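Protein sequence lines correspond, in order, to chains S, H, X, F, G and L.
Yeah, the first sequence ends on 55 if you go by full-length UniProt numbering, and it's all consecutive.
Yeah, the second sequence ends on 209 if you go by full-length UniProt numbering, and it's all consecutive.
Yeah, the third sequence ends on 209 if you go by full-length UniProt numbering, and it's all consecutive.
Yeah, the fourth sequence ends on 219 if you go by full-length UniProt numbering, and it's all consecutive.
Yeah, the fifth sequence ends on 219 if you go by full-length UniProt numbering, and it's all consecutive.
Yeah, the sixth sequence ends on 253 if you go by full-length UniProt numbering, and it's all consecutive.
A virtual CB, placed ideally from N, CA and C, is assigned to each residue, including glycine.
Note that the structure is a prediction, hence the values are computed from the model and not measured.
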Amino acid sequence: MSHTAYVVASYGIAALTVVALILWVWADGRARRRELQALDKAGIRRRSAPAGDAQ
Amino acid sequence: MRLRVEGLSAKRGEDLIFHGISVVLDAGEALVVTGPNGSGKSTLLRVLAGLLVAESGSVRVEGASPDIGHPRELCHYLGHRNAMKRELTVMENLSFWKSFMGDSAGGSGIDVEAATEALGLGGISHLPFGYLSAGQQRRMAMAKLLVAHRPVWILDEPTAALDASADRLFAGLVERHLGAGGIVVAATHQPLGVDARELRMTGFAGEMV
Amino acid sequence: MRLRVEGLSAKRGEDLIFHGISVVLDAGEALVVTGPNGSGKSTLLRVLAGLLVAESGSVRVEGASPDIGHPRELCHYLGHRNAMKRELTVMENLSFWKSFMGDSAGGSGIDVEAATEALGLGGISHLPFGYLSAGQQRRMAMAKLLVAHRPVWILDEPTAALDASADRLFAGLVERHLGAGGIVVAATHQPLGVDARELRMTGFAGEMV
Amino acid sequence: MISLFLRDLKLSMRAGGGALIGVLFFMTVIAVVPFAVGPDLNLLSRIGPAILWIGALLACLLGLDRLFQAEREDGSLDLMLMQETPLVLTVLVKCLAHWTATGLPLVIASPLLGLFMNMSEVAIGATMLTLLVGTPAITLIGAVGAAVAVTLPRGGLLVSILVLPLAIPVLIFGVSAAYAAVEDPAPFLPPLLILVAITLFFAVIGPLAAALALRSTSD
Amino acid sequence: MISLFLRDLKLSMRAGGGALIGVLFFMTVIAVVPFAVGPDLNLLSRIGPAILWIGALLACLLGLDRLFQAEREDGSLDLMLMQETPLVLTVLVKCLAHWTATGLPLVIASPLLGLFMNMSEVAIGATMLTLLVGTPAITLIGAVGAAVAVTLPRGGLLVSILVLPLAIPVLIFGVSAAYAAVEDPAPFLPPLLILVAITLFFAVIGPLAAALALRSTSD
Amino acid sequence: MSENSLAIRKISDLANPTRFLGLAERVLPWLAGLTALLFAIGLTLCFTTEGDYQQGETVRIMYVHVPSAWLSMMCYTVMAVAALGTLVWRHPLADVAARAAAPIGASFTFLALVTGSLWGKPMWGTWWVWDARLTSVFVLFLMYLGLIALNRAMDEPGKAAKVSAVLILVGFVNIPIIKFSVEWWNTLHQPASVLRLGGSAIDPEFLRPLLVMAVAFTLLFFTLHIAAMRNEIWRRRVTSMRRQAARSAGREV
Ligand code: HEM
Ligand SMILES: Nc1ncnc2c1ncn2[C@@H]1O[C@H](COP(=O)(O)OP(=O)(O)OP(=O)(O)O)[C@@H](O)[C@H]1O
Ligand SMILES: Nc1ncnc2c1ncn2[C@@H]1O[C@H](COP(=O)(O)OP(=O)(O)OP(=O)(O)O)[C@@H](O)[C@H]1O
Ligand SMILES: [Mg+2]
Ligand SMILES: [Mg+2]
């Protein structure tokens, strides 16, 4: 009783899914970091202390 | 009756639009909110009307009957959108709002025909709302202010589509409401035609002029 | 180039809104359509833009290349509604219209960034259109006029939600368009801030002032 | 409140085609099933109640997503949020009007469609009764979905997705009550009572949750 | 034209989650069915193609009515009517984008859902093929309805009366072709060819009629 | 804000987003390394232990199937706790955590479904049956996707937060159903043999790789979750800064 194909398929799909997930998280992080840098370059900063700088 | 706004601030998404706005309006007083595009006038009005949650600060109505749950129940809000159904006739629209809204204590709304008369559009209330011109639609939306009594009117660019005579007509309605001890807060780019204090939004905090 | 309107009349439902309107506009001329609410200004503009079928009379553009099927293809129409999608960014909206509309012969649209700059809102074209305030939205809708070239601009209450500085900005853009040989037809309740002839709609027929 | 009910009814008669679109869709579903299972009348009458229920469930979803969205787009929702009338009540009345315009016609049409499915009189009656009791629950659950999706320009499918899983218990008990009426050993009343209980439960929870969602998503 | 296609795709992705939502809806419908008819695998596999088709029809219908209405409400339709580009082409491209965002994902997901319904490989393949061929017809028919509904304040009724009866033949030939593939005596090709013919017919008639309706109802 | 604002401020001080970002930056490399190591060990064990006399090779599917099934439930539990955090304590990070977890949970659930199906074909002779456990896992998958769709559809995070928190909590009833369905209803699926009262009833030969893989999967989850949370915080900052730009735009003109 050997069903190697099923075993291979399940490990393959598992690997594929996990790798895709990792890649997605990584790419997402990189894109966000880029956007933050671009905004920073455009001179837009976060207002961390809202009360302080009216005008 | 007195509308007291204290240290109000509000957010859109993650960031503050304005903060620390305090105003006290007595019965019969009007406040005009001015400022450049995007400075937060509409946001302020929506907070006053209880449609947006304030980040901090409070809006209170003093001297109203104590069984009022929330100040918004004493307010009319006329936003950019008219809150009327295109498929229903003006009459159907207005009488729905009249019976749905009911009257606040201390006054009573006039009836639908009289309200359309007061806005200079008597006799066309049998038309579907969608058949009216932009200015006529706006005027019919204003008739809502009259059919149900509310002491506080909050108006966002009320006169945008109105012609000169309707402008005057509307100023008259506002005067009358103020004269009867009402309170009006309006955001406009053009002068409203009534005596009013001015709150200038400058982008981050408002300042009284 | 010349816009020739001859004996125009139009119906809404069963009844005539105006009739016998004739105007000739040469390159560089502007026409301001005024009149009380419901007098037919918007109807006239929609007929000019080919969105409503005229009851009688004709609208023609003379001196344009002969392969134009219908004068509406030479017109920009800015109605009450902004024709922008709230979910898309301003950039996506404008570049869609730029490539969908293309340019009429005899000119070319400027690019999207430059257009938003010209309306004083450079740098926020990456925002979803729905995030903008009413006045900012209107200004972005006006940027459409710049990204695709059309000799004739048809504008229905263009400045309704604009603040004072944006009003001036817009007047400047209209001046520039007229200077380049364009034609502008605008319905307004407030003065537009440019030299223009005036067509006063009086409810049934229009009269030139 | 009566004015709201009447207005919503009028609107769905005038603009949405409420009653008819639901019934038509329902009939379409019923018309297709015989082609699927073949002209085997026994089988048809066996799966009849299930198919009627699925059809009714899906038909209820059509148009449900616009329940609050249309109100929001023209600004009416703002005013409704500001009134002294508790929002829960407003939501409940809107649900009622929606059900009257969409659900009730389905219930009324179901005996006819039951005949097409070769169901026995008892089965038809039982199914109609369960539909009458159960479809309000679907509308009430749907109201929560509609409230959640109110700010979405194309909420349609999303609403259905949020709603369908919650509607499963309604479906299960509705169908099993209908079957219990024809199959002897199983008692009819218990599942029907559970169905009633579910509907009552959602008549309380649904408007509450929807009101909460409407308040927190207003912008 | 490509820009219009891309914009519409983007819109349906952005605003409702697009493809994902359609498929998700489809899956939810499929998941609901066994709860109604019971987990009997034989019965499920028998009604499988019909359920898949009904699910696809519903998924296509939900949201289709907003195809032009959304454009009209924000004024985009006015501008589209004014361009040099023939309106028929604009309509066709919009239909194409709608189908790509809604219909195509359904077709792609159908084999998976076929597995859930315990359908045989042949039945799955046949159903997928018929869906691929048939769903564009539904979108195209729907476009006519959407165009008619765009300005009529009472358009709703008309749309449903117009769309569903026209969609029934599509549904019937789709389902019977899928069955013909598994059941021996019935031939598979004729109903499939009829389906293809219907789709092609509506690919011509649909945009023409829709464009006509849009022009004549603009106000 | 009212009288409890001080308390709220204290809680949010404990883990404010900025501090979280700093922490994530330091922890992530270690977590990633450890995960990789454990996967290396686990996979070697998976393929070196011998097959079952009854199930043959297919028993190896278990080493993927069971951990992903566990993770699919654990991830939802994490989301439910985060949802509580959003509703009860209004913690700013709670919503971020729930949002970031959804796609990861969906992936694990997908894996459990697929590997289960691949195991079911040789064992039961069919890809799918509508028994209680399988159906409830499928429903779990649908719930994950629904939440993702909801999150994606609502562009403004603050708006979706409460709603999705409520939905998550409502959906949590499904978790005990999944866990105990095999005991409540007589189904095709294996009853619990590892995580059960009265000790594990599985051959240690299989238990060892299974446990190592389970730990590896768990670590993988936490690594991805922390990274995804970090991304989500950044995403919100970007949106916020862009909005800020909108407000200041055109003011000087
Ligand atoms: C798509 C189909 C399947 C799904 C959705 C599924 C789901 C699950 C879930 C949720 C668990 C965790 C249960 C718990 O912790 O109590 C689990 C465990 C398990 N599954 Fe499956 N399963 C599927 C198919 C199969 C098949 C075909 C087999 C083998 C014949 C199998 C064997 C097992 C075993 C041995 C466990 C471990 C039980 C334990 O020791 O606690 N599963 N599965
Ligand atoms: N969609 C419509 N259907 C039927 N009648 C309409 C429609 N739109 C406008 N009308 C009618 O046509 C007349 C002219 O309307 P129009 O919108 O052209 O006026 P207008 O001059 O633009 O007014 P305003 O200054 O208020 O914008 C109005 O009296 C109105 O009743
Ligand atoms: N729905 C929204 N979602 C997110 N941000 C918004 C939304 N509406 C407005 N904003 C942002 O809030 C700021 C203030 O907007 P608001 O509408 O209050 O301005 P306003 O003063 O009314 O301007 P206008 O004169 O143009 O009407 C704007 O910069 C805008 O970017
Ligand atoms: Mg404003
Ligand atoms: Mg007008």
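Item: Same chain only: Cβ atoms within 6 angstroms of F/L192, ignoring 5 sequence neighbours per side; Value: A177
Item: Top-ranked residue by Cα proximity to L/M143, from L/S240, L/V64 and L/F172; Value: L/F172
Item: Among F/E71, F/W99 and F/S76, nearest to F/L61 - alpha-carbon criterion; Value: F/W99
Item: Rounded separation between H/R46 and H/S22 - CA only; Value: 16 angstroms
Item: Element boundaries [beta strand (DSSP E), containing H/S22]; Value: D15 to D26
Item: Proximity of H/G182 and H/P151 at Cβ, strictly below 8 angstroms; Value: yes
Item: Inter-stretch contact at 8 angstroms, needing at least 3 Cβ pairs: the region 192–204 of chain X / the region 46–64 of chain X; Value: no
Item: Check whether H/D15 and L/Q190 have beta carbons under 8 angstroms apart; Value: no
Item: Ligand 7 heavy atom lying under 7 angstroms from the CB of L/D95; Value: Although ligand 7 was asked about, the structure shown includes only ligand 1, ligand 2, ligand 3, ligand 4 and ligand 5 as ligands.
Item: Under 8 angstroms between C-beta atoms of residue 272 of chain G and X/K144; Value: Since the first residue shown for chain G is 1 and the last is 219, residue 272 of chain G is missing from the structure and cannot be characterised.
Item: Alpha carbon of L/Y63 to alpha carbon of G/L9, nearest angstrom; Value: 41 angstroms
Item: Euclidean distance between Cα positions of X/L8 and L/R235; Value: 55 angstroms
Item: Near ligand 3: H/T43 beta-carbon under 7 angstroms from a heavy atom; Value: yes
Item: Coarse secondary structure for H/H149, derived from DSSP in three states; Value: coil
Item: 6 angstroms CB neighbourhood of F/P136 in its chain, flanking five on each side removed; Value: W99 and T199
Item: Under 7 angstroms from the C-beta of G/F116: neighbouring residues of chain L; Value: W128
Item: Under 7 angstroms by beta carbon: chain F residues contacting L/A153; Value: L152 and L158
Item: Heavy atom of ligand 5 within 7 angstroms of G/D219 beta-carbon; Value: no
Item: According to DSSP, residues forming a beta bridge with X/D156; Value: X/A187
Item: Ranges of the alpha helix (DSSP H) found wholly within the region 36–90 of chain H, counting only runs of at least 4; Value: 41–48
Item: Chain L contact residues for H/D15, given Cβ-Cβ distances below 7 angstroms; Value: S240, R243 and Q244
Item: X/A54: CB within 7 angstroms of a non-hydrogen atom of ligand 2; Value: no
Item: Selected residue, minimal CA-CA separation from X/I17, among X/V53, X/D111, X/R2 and X/E29; Value: X/V53
Item: Burial state of S/A51, where buried means 16 or more other Cβ atoms lie within 10 Å; Value: Per-residue confidence for S/A51 stands at a pLDDT of 33, beneath the threshold of 50, marking its modelled position as unreliable; no derived number is given.
Item: Anticipated Cβ contact below 8 angstroms, X/M142 with G/Q83, distance rounded; Value: That pair is no contact at about 19 angstroms.
Item: Proximity test, residue 229 of chain H beta-carbon vs ligand 5 heavy atom, cut-off 7 angstroms; Value: The question about residue 229 of chain H has no answer, for chain H in this structure spans 1 to 209.
Item: G/I172 CB to nearest heavy atom of ligand 1 below 7 angstroms; Value: no
Item: One or two residues paired with H/V32 in a DSSP bridge; Value: H/A186 and H/E198
Item: Within 8 angstroms, strictly: CB atoms of X/V184 and X/H177; Value: yes
Item: Cα-Cα separation, S/Q37 to G/R14; Value: 25 angstroms
Item: Start-to-end residues for the beta strand (DSSP E) that takes in G/V150; Value: It is not in any beta strand (DSSP E) - G/V150 carries neither H nor E in the DSSP assignment.
Item: Under 9 angstroms from the C-beta of H/A161: neighbouring residues of chain X; Value: N37, H80, E157, A160 and H189
Item: Stretch pair the region 26–34 of chain X + the region 63–83 of chain H: three plus CB contacts closer than 8 angstroms; Value: no
Item: Cβ of G/R66 within 8 angstroms of any chain X Cβ; Value: no
Item: Residues bridged to X/A10 [DSSP beta-bridge criterion]; Value: X/F18
Item: Alpha-carbon to alpha-carbon, F/G48 and X/R138; Value: 56 angstroms
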